[in-house]
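Novice: Residue numbers (my numbering): 3 to 345. Dropping a structure here in structure tokens format, bear with me for questions.
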């Protein structure tokens, strides 16, 4: 497979537990031409871990998209008077003061008008606008890490929106199914990201701080184990399955309750039902979680593959390692999917 003239882009997902990198190259569609995964021993080890990951794996590009998340990132869906893109960019700084808990001078702001067919409640002179704000110090730190690794940043995205981009690229929209509402629920190590999508547009996002590490802590506490041993037992419970399931049950209930609150808010706000729930993230691999959440949500709930049926350049990619970590790659794939807009 000749890819020398094609453009490539790396999606770099720096989590709290691990670093994932997926390189997509566009050759009549997306091809996975690079992949790397590395455990993250501590937050301070991010620069070294990124460097090692790039050195130890075969990537064709140094162009990269990364992302931010957490309490320093604010996402708001606004209703504003219709205006030109230039006027919107000027007005958003004044509007942002009403919606973000930080000084406007301390943040990086972005905004985007959007439309969703079939959702009303807008006046003839109004439009919907997505506002995103992130503390500038967080973005600067990301850029510093990328520069130290010799990477060329194309943009800095937000985790929850990368989820939506991965879904569009890997699953796509089925015209025969009509305008369905899909809940993307990514259970990571320290947070669970929720993105509610309809017709390719994100209508609601939220981060919930109950996730995989919460399950580990529950196992450690209830079974009297060290965190490292609890993590191993959580991943492969074997004959201890019932004890582990009992230990984590309250944490799973808490997660389900928080996600259901988001669903109820969305359904009341838009008068729309949620048709399906797609799970991803390392925490989603917990044995029995898919079935438990499906029962609690009372709607189809399943895991999905963010790598879709993309061809893989086996000479450059450790396919076995990639397959081991597929549930954790939704954000990285979504970041790399920006290759569509840059090719």
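Glycine is no exception: its CB is placed at the ideal position from the N, C-alpha and C atoms.
1. Near residue 228, what residues of its chain come up, given a Cβ to Cβ distance below 7 Å and the 5 sequence neighbours on each side ignored?
2. In or out: residue 63 buried (at least 16 other Cβ within 10 Å) or exposed?
3. So, are the CB atoms of residue 281 and residue 304 less than 8 Å apart?
4. Below 8 Å between beta carbons: does that hold for residue 151 and residue 56?
5. Residue range of the beta strand (DSSP E) that residue 69 falls in?
6. Is DSSP giving residue 285 helix, strand or coil here?
7. Determine the burial state of residue 39: buried for a count of at least 16 other Cβ atoms within 10 Å of its Cβ, exposed for fewer.
8. Going by DSSP in three states, residue 88 sits in which element: helix, strand or coil?
9. Using a 10 Å radius around the Cβ and a threshold of 16 neighbouring Cβ atoms, would you call residue 300 buried or exposed?
10. How big is the Cα-Cα spacing for residue 88 and residue 112?
11. Could you tell me the boundaries of the alpha helix (DSSP H) in which residue 60 lies?
12. I'd like to confirm the pairing. Which residues does DSSP put opposite residue 310 in its beta bridges?
13. If we ignore side chains and look at the alpha-carbon of each, how far apart do residue 246 and residue 215 end up?
14. Please determine, among 128, 24 and 18, the residue with the shortest C-alpha to C-alpha distance to residue 10.
15. Give the DSSP-derived three-state secondary structure of residue 30 in the structure shown.
16. Identify the continuous alpha helix (DSSP H) that holds residue 124 and give its terminal residues.
17. Note the first and the last residue of the continuous beta strand (DSSP E) segment covering residue 135.
18. Taking a contact to mean a Cβ-Cβ separation below 8 Å, would you say residue 185 touches residue 198 in this structure?
19. Output needed for residue 352: all residues of its chain with C-beta closer than 8 Å, excluding positions within five of it in sequence on either side, in chain order.
20. For residue 219, which of helix, strand or coil comes out of DSSP?
21. My assumption, with CB atoms under 8 Å, is that residue 21 sits in contact with residue 51. Please give the rounded CB distance.
22. Report, in whole angstroms, the separation of the C-beta atoms of residue 75 and residue 160, which I expect to be a contact under 8 Å.
23. Contact between the stretch 256–264 and the stretch 235–244 is defined here as three or more beta-carbon pairs at a separation below 8 Å; is this criterion met?
24. Could you check which residue in 134, 97, 157 and 107 has the C-alpha nearest to that of residue 65?
25. Quick one: what's got a C-beta closer than 7 Å to residue 136's C-beta in the same chain, skipping five residues either side?
26. Restricting to Cα atoms, I'd like to know which of 323, 326, 322 and 308 is closest to residue 1.
Specialist: According to the structure data:
1. On the chain shown, residue 228 is found 226 positions in, with the first residue counted as 1. 222.
2. Sequence index remark: in the chain shown, residue 63 carries index 61 (1-based). Residue 63 comes out buried.
3. Taking the first residue of the chain shown as 1, we reach residue 281 at position 279. Taking the first residue of the chain shown as 1, we reach residue 304 at position 302. Contact: yes.
4. Counting from one through the chain shown, the residue named residue 151 turns up at place 149. Counting from one through the chain shown, the residue named residue 56 turns up at place 54. Result yes, Cβ atoms of residue 151 and residue 56 sit closer than 8 Å.
5. The residue you call residue 69 lines up with position 67 of the chain shown. Unbroken beta strand (DSSP E) run through residue 69: 65–70.
6. Position 283 of the chain shown holds residue 285. The answer is helix: DSSP assigns residue 285 an H, G or I state.
7. As a working mapping, residue 39 is identified with position 37 in the chain shown. Buried, by the Cβ-count rule.
8. Residue 88 sits at position 86 when you count from the first residue of the chain shown. The answer is helix: DSSP assigns residue 88 an H, G or I state.
9. Looking up residue 300 in the chain shown gives position 298. It counts as exposed.
10. Looking up residue 88 in the chain shown gives position 86. Looking up residue 112 in the chain shown gives position 110. If I take the Cα positions, the gap works out to 12 Å.
11. As a first step, residue 60 must be located in the chain shown, where it is residue number 58. Note, residue 60: premise wrong, no alpha helix (DSSP H); not H, not E.
12. The residue you call residue 310 lines up with position 308 of the chain shown. Answer is none; residue 310 lacks a bridge partner.
13. The count along the chain shown starts at 1 and reaches residue 246 at position 244. The count along the chain shown starts at 1 and reaches residue 215 at position 213. Going by the C-alpha atoms only, they are around 14 Å apart.
14. Here residue 10 is taken as the residue at index 8 of the chain shown, counted from 1. Minimum Cα distance to residue 10 is reached at 24.
15. On the chain shown, position 28 is the one that residue 30 refers to. DSSP places residue 30 in coil when its eight states are reduced to three.
16. As a first step, residue 124 must be located in the chain shown, where it is residue number 122. Note, residue 124: premise wrong, no alpha helix (DSSP H); not H, not E.
17. By 1-based counting over the chain shown, the position of residue 135 is 133. Unbroken beta strand (DSSP E) run through residue 135: 128–137.
18. On the chain shown, position 183 is the one that residue 185 refers to. On the chain shown, position 196 is the one that residue 198 refers to. Closer than 8 Å, so yes.
19. In the structure as shown, the chain starts at 3 and stops at 345, and residue 352 therefore has no counterpart that could be examined.
20. Against the chain shown, residue 219 aligns to sequence position 217. If DSSP states are grouped into helix, strand and coil, residue 219 belongs with the helices.
21. Within the chain shown, numbered from 1, the residue matching residue 21 stands at position 19. Within the chain shown, numbered from 1, the residue matching residue 51 stands at position 49. Indeed, because the Cβ distance is near 5 Å, the residues count as touching under 8 Å.
22. Counted from its first residue, the chain shown places residue 75 at position 73. Counted from its first residue, the chain shown places residue 160 at position 158. With a Cβ gap of about 6 Å, residue 75 and residue 160 count as contacting.
23. no
24. Against the chain shown, residue 65 aligns to sequence position 63. The option with the nearest alpha carbon to residue 65 is 157.
25. Here residue 136 refers to the residue found at position 134 when the chain shown is read from its first residue. Result list for residue 136: 70, 74, 75, 109 and 110, in chain order.
26. Outside the displayed span of the chain (3 to 345) sits residue 1, for which this structure offers no information.
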